[in-house]
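**Q** Numbering (this note's numbering), first residue to last: 101 to 281. Cβ coordinates follow ideal geometry from the N, Cα and C atoms, glycine included. This one's a predicted model, so the numbers in the text were calculated from it and none came from an experiment.
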Amino acid sequence: MADKEGISVSPLRSLDDFITDSARFQIPNVKDPDKWANRIIQNLLYYQTNYFLTYFVVFAVVGVIHPTKMFCGMVAMGLAFSLFYYLTNNKQPAVQFKKDHPVLSLIVLVMGIYFIVYLLGSVVVFLMGILLPIVVIFIHASMRLRNLKNKIMNKIEYVGLKKTPMGVILDALGLEQEFLM
């Protein structure tokens with residue numbers, strides 16, 4: 101499936117290739133961080149559709165287990181980021197409001213801190229929903245040994261014959277070019 105920008109979605113790898121019978125796993129050599137990072141990046145590129153699916157499944161499972169906390173955590177994080185964005189981009193109105201209404205500013209600050217502490221458990225559940233899938237993907241990408249098909253497909257992407265979403269993400273992070281040589 102290629103679109104106008106030449107980005108194509110990598111195929112979903114079989115469960116047999118991803119985690120069961122033919123999959124080979126080994127603890128990475130932590131004494132050679134370049135080789136370990138290369139293995140992670142190669143696996144992220146090769147199994148990217150499986151990883152995106154894994155991410156959404158684990159996120160959904162956390163959401164199903166704690167739906168109210170997940171929703172409250174999302175709302176709290178959204179409000180916190182919105183407030184941070186507003187205050188960093190509109191300093192003058194915030195400073196003027198604080199100067200004109202010091203008692204009200206203090207009350208709003210205390211209520212905001214109380215709100216954050218009250219929803220801290222929900223924020224932790226939401227962050228777990230985001231970070232747990234990343235940890236699972238990192239562990240799999242670190243321990244999964246590459247096969248010949250994996251190596252060939254990654255070289256094809258590196259040469260530029262095929263561009264995928266994970267390749268774009270890794271390229272934006274500046275990771276792909278370092279390790280695909």
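1) Please state if the CB of Ile127 and the CB of Met243 are separated by a distance shorter than 8 Å.
2) Is Ser108 near Thr264, with beta carbons less than 8 Å apart?
3) Where does Gly267 land, buried or exposed, given buried means 16+ other C-beta within 10 angstroms?
4) Given the structure, does Ala137 come close to the ligand ZN, in the sense that its CB is under 7 Å from one of the ligand's heavy atoms?
5) Out of Val161, Leu144, Leu145, Tyr186, point me to the one whose CA is closest to Ile230's CA.
6) In three-state terms, what does DSSP make of Lys108?
7) Per the DSSP calculation, Phe125 is bridged to which residue(s)?
8) Tell me which residue opens and which closes the alpha helix (DSSP H) that Asn297 is part of.
9) What do you reckon, are the CB atoms on Gln142 and Asn247 nearer than 8 Å?
10) Which same chain residues end up closer than 6 Å to Ala194 when comparing Cβ atoms and leaving out the 5 residues on each side of it in sequence?
11) Could you tell me how far apart the beta carbons of Leu112 and Thr154 are, in whole angstroms, since I believe they sit closer than 8 Å?
12) Do you know how far the Cα of Val208 is from the Cα of Phe184?
13) Put Lys249 into one of helix, strand or coil per three-state DSSP.
14) First and last residue of the alpha helix (DSSP H) that includes Thr154?
15) Mapping the DSSP letters down to three states, classify Lys135 as helix, strand or coil.
16) Verify whether the separation of the beta carbon atoms of Phe118 and Leu245 is less than 8 Å.
17) To the nearest angstrom, how far is the alpha carbon of Cys172 from that of Val158?
18) Using the rule of at least 16 other Cβ atoms within 10 Å of the residue's Cβ for burial, across every protein chain shown, is Phe181 buried or exposed?
**A** On the basis of the data shown:
1) yes
2) yes
3) buried
4) Judged by which ligands are present, the structure shown has none, so any question about the ligand ZN falls away.
5) Val161
6) The sequence shown places Ser at residue 108, not Lys. In the structure shown, Ser108 sits in a strand (DSSP, three-state: E or B).
7) Arg244
8) This structure cannot settle anything about residue 297, because the visible part of the chain is limited to 101 through 281.
9) no
10) These residues qualify, in order along the chain: Leu187.
11) With a Cβ gap of about 11 Å, Leu112 and Thr154 do not count as contacting.
12) Within the model, the alpha-carbon separation for Phe184 versus Val208 is close to 14 Å.
13) helix
14) Thr154 -> alpha helix (DSSP H) spans 148-165.
15) helix
16) Taking 8 Å as the cut-off, the beta carbon of Phe118 is found no closer than this to the beta carbon of Leu245.
17) 18 Å
18) exposed
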